[in-house]
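Numbering (the UniProt record's numbering), first residue to last: 1 to 135.
No residue lacks a Cβ here, since even glycine has one placed at the ideal position from N, Cα and C.
Quantities reported herein were computed from a predicted structural model and do not represent experimental measurements.
Reviewing the structure listed below.
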């Protein structure tokens, strides 16, 4: 039941990031799943939570990626958060353009370590999906 509530909450979770030149890529939802075959007690978290992730995007987004394709589109990225908080196996599930796709991968590679998922008091590998809309 807890896992369903967490998933429900995260589906409606939004984080907005505005770029310096007024264009704003937006992280509009976070949908999660665990490839370990069972639910976790605590989902992974970016250092500083949602606000920390928003600040990270604002600080690190390269504007060139937002100048193509009318600055619009939605990239869906997936990655694993390892037991030590590292981001691994970053891949684009649905891309928009090579520039935007590469920028999302670059941002995730630059990401600091996350707080890992916790299950039964122990860190656990976790797969995370995140759509980022460029508007």
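Closest by C-alpha distance to residue 85, when choosing among 113, 42, 99, 53: 113
Secondary structure, alpha helix (DSSP H): runs of 4+ residues fully inside the UniProt domain "TonB C-terminal" (47–135): 49–60, 98–110
Under the three-state DSSP convention, the category residue 42 falls into: strand
Residue 72 classed as buried or exposed, judged by whether at least 16 other C-beta atoms fall within 10 angstroms: exposed
Cut-off 7 angstroms between Cβ atoms - residues of its own chain near residue 44, not counting five sequence neighbours on either side: 81, 114, 115, 116, 117, 126, 128
Between the CA atoms of residue 83 and residue 105 - distance to the nearest angstrom: 20 angstroms
Rounded straight-line distance, which links the Cα of residue 135 to that of residue 100: 12 angstroms
Cutoff 7 angstroms; reference residue 89; Cβ partners in own chain excluding five residues on either side: 79, 80
Proximity below 8 angstroms, CB of residue 111 to CB of residue 56: yes
Buried or exposed by the 16-neighbour rule on C-beta atoms within 10 Å, applied to residue 121: exposed
Environment of residue 87 [buried if 16+ CB atoms lie within 10 Å]: buried
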